[in-house]
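Residue numbers (full-length UniProt numbering): 1 to 657.
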């Protein structure tokens with residue numbers, strides 16, 4: 001281990017020992033004041049002392065969500081020492097300790113700006129929307145991985161009902177859908193294991209084991225892909241877990257899992273991708289993105305699912321050759337498809353550590369159009385700020401392509417196995433079934449992180465539907481609505497009975513994650529431009545996202561993790577404010593329309609943020625900030641009346657509302 005890194009990790013232990021314990025109500029300790037004097041530039045040894053001093057002086061004590069910031073600095077310190085200052089872009093004459101002391105100086109403000117924001121009296125300090133436009137939002141989506149194999153056995157009426165749930169304007173109204181290009185052939189030497197599920201996690205590849213194509217394969221997956229296209233889902237992505245077994249492109253030979261992509265097989269691999277894209281583009285599927293690898297750090301050797309490792313040393317080559325194949329394609333549809341990558345699993349231990357080995361070269365060559373990443377280490381806010389800066393530094397121009405958060409799920413919820421928000425690291429992944437607001441609020445804050453800290457243009461939940469409910473709702477009335485630790489998985493928005501073939505229960509069980517996600521899918525449509533809401537004027541324990549749609553209608557979504565309601569005053573931008581909708585999701589209400597607040601002459605409104613809830617207000621204004629600043633790239637946005645949609649027959653949902 002690097003000696004400096006070792007000393008710094010030792011400093012972390014000492015510093016953490018002096019950090020205050022979390023408050024007993026499940027929220028971080030109240031914010032501490034920031035020391036006005038900035039730390040002087042330091043050498044390496046003094047840097048560690050400064051870290052301890054900051055903690056002991058209570059400058060960042062209680063900032064629970066940033067408790068791993070020092071670990072992030074340690075990673076960066078180690079990388080900086082071995083990368084000729086690539087990460088910071090600082091000249092070689094600048095001591096690494098000086099650079100990181102500057103980071104420490106900046107981090108003193110993070111608790112106030114990002115995590116510890118608290119208005120002394122929110123009712124007297126109006127919430128405002130900043131005038132500077134941030135990023136344009138492209139989509140909120142989920143994947144069609146694996147569950148279509150189960151839905152293939154459902155009655156046709158229920159198959160159609162699920163399409164309505166996912167894509168209808170009256171329901172979730174997803175603007176993004178990720179189609180899994182399967183890798184499983186018809187005579188593979190190794191098949192994906194079922195892991196006790198009625199059907200396995202393999203997806204039929206259009207290329208059979210003998211290398212020929214059969215376009216009738218993966219009928220279940222194509223059913224929902226066509227449903228997404230029919231519903232005009234604006235962002236359809238084809239993503240690849242593994243090269244098809246028929247290519248023999250990996251070290252696992254003709255197996256859809258457990259192998260590593262061979263550099264010599266890249267030309268055949270990208271030709272296969274181009275062939276599949278061309279066929280389905282000709283069939284009328286509008287494909288916006290192709291992702292040629294997924295979690296390339298893992299070969300999935302257990303074969304619990306399809307998977308393929310892609311060494312860092314050849315990732316740029318994959319993107320480069322895929323770009324060349326797409327550009328040379330005779331299909332206009334393929335030429336229009338954009339490339340994303342590399343869908344790394346984790347931020348701190350992988351993206352921050354590995355991007356330098358492939359991303360700068362890939363961006364310089366303009367081989368990808370978006371940076372796609374997962375967050376299976378549940379990074380804290382400071383780590384995500386580091387990530388955002390790293391992405392920026394990876395581009396010579398300083399203007400990298402947009403970031404997409406393309407997969408997350410399966411975390412322990414706050415009121416289940418975790419005591420509060422802020423715990424990070426891979427260990428957060430654990431077996432648990434939590435359909436309640438506890439899990440939904442965690443998800444909502446993750447969305448806030450990526451939209452506001454990283455300025456991501458999209459956020460995708462892992463999978464739309466799952467059988468990972470650890471009981472049969474048809475035999476246990478409380479099954480679908482009760483937290484169960486140690487069994488099941490928080491991997492979906494909607495659940496189906498895993499024993500449907502026996503119980504004949506073909507109902508859909510909607511979680512609170514479904515309803516909270518709907519606040520984003522319904523009200524932040526493609527082309528909306530995000531504007532910042534300063535955390536300084538928000539009540540402690542709340543965060544917010546605001547955007548302006550292509551139809552000049554604003555939305556502001558508030559996430560309140562407190563056990564009590566918070567009354568706030570919000571000043572609408574411009575003049576002549578008009579409320580158009582007010583929706584809340586809480587422990588007791590799935591999707592509740594509320595009475596609209598009156599707009600005062602100064603454009604102020606009073607809002608009650610529900611306890612453990614999400615509230616969205618939609619409004620329009622006149623005057624400055626009444627219209628969009630940058631041009632949007634999405635279509636028109638349609639909003640509906642104030643009545644809760646009628647529920648189709650045979651659907652099961654939980655909660656009241």
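Just so it is clear, CB atoms sit at the ideal spot from N, CA and C, and this is done for glycine as well.
Roughly how many whole angstroms lie between the Cα atoms of residue i and residue j?
| i | j | result |
| --- | --- | --- |
| residue 360 | residue 371 | 12 Å |
| residue 345 | residue 599 | 45 Å |
| residue 582 | residue 621 | 16 Å |
| residue 429 | residue 514 | 20 Å |
| residue 384 | residue 459 | 14 Å |
| residue 625 | residue 578 | 14 Å |
| residue 411 | residue 393 | 30 Å |
| residue 116 | residue 541 | Note on residue 116: pLDDT 36, under 50, position unreliable in the model; no value is reported. |
| residue 468 | residue 431 | 10 Å |
| residue 334 | residue 177 | 18 Å |
| residue 223 | residue 613 | 35 Å |
| residue 310 | residue 171 | 38 Å |
| residue 652 | residue 133 | Model confidence at residue 652 stands at a pLDDT of 43, short of 50, so the residue's coordinates are unreliable; what they give is reported in the following sentence. Cα to Cα, the separation comes out at about 40 Å. |
| residue 463 | residue 166 | 11 Å |
| residue 141 | residue 232 | 13 Å |
| residue 607 | residue 597 | 7 Å |
| residue 522 | residue 325 | 36 Å |
| residue 534 | residue 543 | 9 Å |
| residue 206 | residue 246 | 10 Å |
Tell me whether the beta-carbon of residue i lies closer than 7 Å to the beta-carbon of residue j.
| i | j | result |
| --- | --- | --- |
| residue 243 | residue 250 | yes |
| residue 229 | residue 285 | yes |
| residue 319 | residue 362 | yes |
| residue 306 | residue 257 | yes |
| residue 473 | residue 434 | no |
| residue 274 | residue 329 | yes |
| residue 312 | residue 354 | yes |
| residue 746 | residue 127 | The shown model of the chain, from 1 to 657, leaves out residue 746, and the question about it has no answer. |
| residue 437 | residue 587 | yes |
| residue 456 | residue 391 | no |
| residue 401 | residue 381 | no |
| residue 444 | residue 559 | yes |
The ligand NAD and residue i: does any heavy atom of the ligand fall closer than 6 Å to the residue's C-beta?
| i | result |
| --- | --- |
| residue 392 | The model depicted lacks the ligand NAD and carries no ligand whatsoever. |
Just verifying my parser: in three-state terms, what is the DSSP assignment at residue i?
| i | result |
| --- | --- |
| residue 462 | strand |
| residue 315 | helix |
| residue 589 | strand |
| residue 411 | strand |
| residue 598 | coil |
| residue 148 | helix |
| residue 283 | coil |
| residue 127 | strand |
| residue 252 | coil |
| residue 153 | coil |
| residue 134 | strand |
| residue 291 | strand |
| residue 443 | helix |
| residue 268 | helix |
| residue 429 | strand |
| residue 510 | strand |
| residue 46 | Low local confidence applies: a pLDDT of 40 at residue 46 is under 50, so the model's placement there is unreliable, with the coordinate-based value given in what follows. Correct three-state label for residue 46: helix. |
| residue 347 | helix |
What are the partner residues of residue i, as DSSP defines its beta bridges?
| i | result |
| --- | --- |
| residue 258 | Residue 258 pairs with nothing; no bridge assigned. |
| residue 583 | 593 and 616 |
| residue 204 | 184 |
| residue 404 | 372 and 458 |
| residue 543 | 559 |
| residue 609 | 566 |
| residue 341 | 371 |
| residue 236 | 177 |
| residue 530 | 547 |
| residue 139 | 458 |
| residue 578 | 620 |
| residue 604 | 571 |
Can you round the beta-carbon distance between residue i and residue j to whole angstroms, since I take them to be within the 8 Å contact cut?
| i | j | result |
| --- | --- | --- |
| residue 475 | residue 493 | Not a contact, Cβ separation roughly 23 Å. |
| residue 331 | residue 278 | 4 Å |
| residue 339 | residue 290 | 6 Å |
| residue 145 | residue 188 | At roughly 18 Å, the Cβ-Cβ gap does not stay under 8 Å, so residue 145 and residue 188 are not in contact. |
| residue 506 | residue 158 | 5 Å |
| residue 321 | residue 266 | 5 Å |
| residue 367 | residue 316 | 7 Å |
| residue 209 | residue 185 | 3 Å |
| residue 501 | residue 153 | 7 Å |
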